[in-house]
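Asker: I'd like to ask you about the structure that follows.
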Amino acid sequence: MEAKKLTTKERLQIPPVTMPQQDHRERIHNVNEVPIGYTAEMAATEAQRCLQCKNAPCIRGCPVEIDIPAFIGAILEGKYRESINKIKETNILPAVCGRVCPQEEQCQKTCVVGKSHKDVALAVQIGKLERYAADWEMEQGEAEVPVIKASTGKRVAVVGSGPAGLTVAADTRRAGHDVTIFEALHKPGGVLIYGIPEFRLPKRIVMREVKNLQKMGVTLRTNYVVGKLSTIDELFDEGFDAVFVATGAGLPLFMHIPGENLNGVYSANEYLTRANLMQAYSFPNTDTPIARAKNVAVFGGGNVAMDSARTALRLGAENVYLVYRRSKKEMPARVEEVEHAEEEGVQMLLLQNPMRLIGDQNGWVKEVECIKMELGEPDESGRRRPVAIKGSEFRIQADVVIVAIGNASNPLVPTTTPDIAVNKWGNIIAAEETLKTSKKGVFAGGDIVLGAATVILAMGQGRKAAQAINEYLATLVW
Amino acid sequence: MNKILEKEFITPLVFRMRVEAPEIAKKRKAGQFIILRTCDAGERIPLTIADANAEEGWIELVVQVVGKTTKQLSTLEPGQEICDLAGPLGKPTHIELFGTVVIVGGGIGIAPSHPIAQAMKKAGNQVISILGGRTKDLIIMEDKMRKTSDRVIITTDDGSYGMKGLVTDAIQKLVNEGVKIDLVVAIGPPVMMKFVSLLTKKYDIATLVSLNTIMVDGTGMCGACRVTVGDATKFVCVDGPEFDGHKVDFDEMMKRLRAYESDEKTSREMHESKHDCQYK
């Protein structure tokens, strides 16, 4: 394909190419992916919008610094293999990131095209193009196994098979080390498999990435709970030379309001794990049930809350209320997730806060008592602090309540490894550039360090940690 | 992995299953449990490790057939493998020299009480075991419990074996005899643990109960197993499974155990009519 040489002015006049997506009325009856993906023509048109800026602020906006102009330029020239190889130099999970990264906060926020239009929604659709290249590669069949350096005889234990763990496994294996991933659940992927729903991230993508790692020679042990079956010290006794802890933000936060232990009240982790990992969508053809109710209330305003709300719709709910104590502007969820949720009919009850849950005589939740809020002065997060309006209590009907107000670090490894220092929130303390913890030979990254964050930030830490692990194993100097 | 070595029904509904699990056998301590799945479409369920042998590399589960998963598990034969099995989970029982420890096992609860009785005996305690069941045929593991206890009292609801009555009647008997009880460990149906705790509270006897709630991951990640203990919410899978019986809100726990009653019935009936699961 010959790339037409357009002027900057002409490029800036091309509107962003809309991503085709499933109709909102149909898609709540299935769990297939909502955004369907660009065609080759759409990708070429969108790629033309990129100005190929010399100083490329988009690269700085990316947590792993993908060479964005280069991969987009390759798409424009029809050189898709070159494009995906360029992305994979820094990001081993582009099919995942193209779908779940909050690009409007990262690469697309710094994009010059968006800035010149004074609207981030008009930036180059970098995420959609990344997804295009990644999906193209998946369609070609088996991925090429990257070059693995000669065996070093050193062994790396990766605890947790979420995005941070998978990244470290890939980068340390490439360096020639013997790598074993220990995963507590029966399927690998961490939050990619239990948290993010099928309609946002098809599981076949995650399974394919894990298979690629296994083809590289990485050993995967599922049903292995480090901290219980082996402690970290026992892993060293067994002959591992370095350990990377990537056990994630697997500790659900509850509101501690009356009625939270009524039947039908779920943490988002439980609700999503039943639906996604345990395939409760297909009950009774699968064995794990999930409560299906006409009226569902979800507490929270992040991606997990959106995922929970949209899952509830797909499980047959007629009314799904998202109760959030701040306004839409303060919602931390990806813009696209909020849009999709609204299109599908999730009712946003903003500036409202749950006070207590009321149940029936069988112990099932029936109603949520809420209070209206107004925004006062900003708090430490920079967001305006919500303040209750006295006397404004009201009730909503809900037979299922999902608490999606956040997750803290899973305490299993920290509590069984007392010489790994943690901060007051239970997150492992890790050096910024090397991800070293206070325990010799132990590195950590992802949500266990950052608190509940994103896939790409976990991968960014994984990248740095792998580099530091490779350096450490070369010299064994801590 | 997880090959079944032996399987034997010890009552019409209760079976003993020995599984090859050398790593878990080496690591497990009394009071801990495993989580398993019987097939790829299967749910995750917790089962206490009733016994284990580190040298021979096996663990033993004693299971009552209740729903689809336990029914499916009961049909697996030696040589077949269990799809997924993870452990040891939960905090081990705190074992020390208490003095006189009364182990109360109700029905299927006798199985998990066995390793605790063994560990308490090994630590030098005087172990009195109370085994309760509805009728003679439902009293399990009597020989094993006799081997590890200084005294065994058996109670049956219908009086067909041992003394007629409930396990609480046996505890009352010990109190009436003037036995100085330092600790009671009670494992069995929630209503049994509730009434044992109410009784021991009257006499100010320290009581531990082992809770068996619904679980999904078993590693503290989801909160399905949460119970109210005192004025705190605890997760049975990581904070337990043992708690102070005087502080557990048993009524709430019993309500939560029934959350999926109708779904469980659906699964059972479907399995009975189809027998369609694939085993490895």
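Sequence lines, in order, name chains A and B. Quick note: the first sequence, position 26, residue 26 per this note's numbering, numbers continuous. Quick note: the second sequence, position 111, residue 1111 per this note's numbering, numbers continuous. All C-beta atoms in this analysis are idealised placements derived from N, C-alpha and C, irrespective of residue type, glycine included.
1. How big is the Cα-Cα spacing for residue 1267 of chain B and residue 1041 of chain B?
2. Which runs of the beta strand (DSSP E), 3 residues or longer, sit entirely within the stretch 1105-1185 of chain B?
3. Looking only at its own chain, which residues have a Cβ that is under 6 Å from the Cβ of residue 1126 of chain B, when we skip the five neighbours before and after it?
4. Starting from residue 52 of chain A and walking both ways along the alpha helix (DSSP H), at which residues does that stretch end?
5. Would you say residue 1263 of chain B reaches chain A, if we count a Cβ-Cβ gap shorter than 9 Å as a contact?
6. Which chain A residues sit within Cβ distance under 8 Å of residue 1240 of chain B?
7. Locate the beta strand (DSSP E) running through residue 1210 of chain B, then write down its first and last residues.
8. Kindly indicate which three-state DSSP category residue 94 of chain A falls into: helix, strand or coil?
9. Between residue 141 of chain A and chain B, is there a C-beta pair that is closer than 9 Å?
10. Grouping DSSP H, G and I as helix and E and B as strand, with all else coil, what is residue 1253 of chain B?
11. Chain A beta carbons: is any one of them nearer than 9 Å to that of residue 1163 of chain B?
12. Terminal residues of the continuous beta strand (DSSP E) containing residue 357 of chain A?
13. In or out: residue 256 of chain A buried (at least 16 other Cβ within 10 Å) or exposed?
14. Strictly under 9 Å for the Cβ-Cβ distance: is residue 1085 of chain B near chain A by that measure?
15. Can you tell me where the beta strand (DSSP E) holding residue 319 of chain A begins and where it ends?
16. Is there at least one Cβ from chain A nearer than 9 Å to residue 1088 of chain B's Cβ?
17. I'd like to know whether the C-beta atoms of residue 166 of chain A and residue 213 of chain A end up nearer to each other than 9 Å.
18. Cβ of residue 67 of chain A within 9 Å of Cβ of residue 75 of chain A?
19. Once DSSP output is grouped into helix, strand and coil, what is the label at residue 425 of chain A?
20. State yes or no: is the beta carbon of residue 1248 of chain B nearer than 9 Å to at least one beta carbon in chain A?
21. Would a C-beta distance cut-off of 9 Å place residue 1184 of chain B and residue 1196 of chain B closer than the cut-off?
22. Return yes when the Cβ of residue 36 of chain A is within less than 9 Å of the Cβ of residue 313 of chain A, no when it is not.
23. May I have the straight-line CA-CA distance separating residue 1280 of chain B from residue 186 of chain A, to the nearest angstrom?
24. Thinking C-beta only, is residue 399 of chain A closer than 9 Å to residue 296 of chain A?
25. Compare the C-beta of residue 1 of chain A with all C-beta atoms of chain B and state if any pair is closer than 9 Å.
26. In this structure, what does DSSP give as the bridge partners for residue 1058 of chain B?
27. Please check the pair residue 1032 of chain B and residue 1106 of chain B, which I expect to be a contact at CB under 8 Å, by giving their CB distance rounded to whole angstroms.
28. Counting C-beta neighbours from all protein chains within 10 Å, is the total for residue 351 of chain A 16 or more, i.e. buried, or is it exposed?
29. From which residue to which residue does the alpha helix (DSSP H) around residue 27 of chain A run?
30. What are the boundary residues of the beta strand (DSSP E) that residue 362 of chain A is part of?
31. Given this structure, state the Cα-to-Cα distance separating residue 57 of chain A from residue 107 of chain A, to the nearest angstrom.
32. Check whether the stretch 1023-1032 of chain B touches the stretch 458-467 of chain A, taking contact to mean three or more Cβ pairs, one atom from each stretch, closer than 8 Å.
33. Return the bridge partner residues of residue 267 of chain A from the DSSP annotation.
34. Given this structure, state the Cα-to-Cα distance separating residue 156 of chain A from residue 176 of chain A, to the nearest angstrom.
35. Using the beta-carbon count (16 or more within 10 Å), is residue 1203 of chain B buried or exposed?
36. Write down every uninterrupted run of the beta strand (DSSP E) in the stretch 278-339 of chain A whose length is 3 residues or greater and which is fully enclosed by it, in chain order.
Answerer: Taking the definition as stated:
1. 12 Å
2. 1126-1133, 1151-1156
3. 1100, 1150
4. No alpha helix (DSSP H) contains residue 52 of chain A, which DSSP labels as neither H nor E.
5. yes
6. Near residue 1240 of chain B there are no residues of chain A at all, since even the closest Cβ is about 14 Å away, more than 8 Å.
7. 1207-1210
8. helix
9. no
10. helix
11. no
12. 352-359
13. exposed
14. yes
15. 319-324
16. yes
17. yes
18. no
19. coil
20. no
21. yes
22. no
23. Model confidence at residue 1280 of chain B stands at a pLDDT of 33, short of 50, so the residue's coordinates are unreliable and nothing is read from them.
24. yes
25. Summary for residue 1 of chain A: the model assigns pLDDT 45, below 50, so the residue's position carries little reliability, and this model does not support an answer.
26. B/1020, B/1053
27. About 20 Å; that fails the 8 Å criterion.
28. buried
29. 24-27
30. Here residue 362 of chain A belongs to no beta strand (DSSP E), and DSSP marks it neither H nor E.
31. 8 Å
32. no
33. A/403
34. 10 Å
35. exposed
36. 295-299, 319-324
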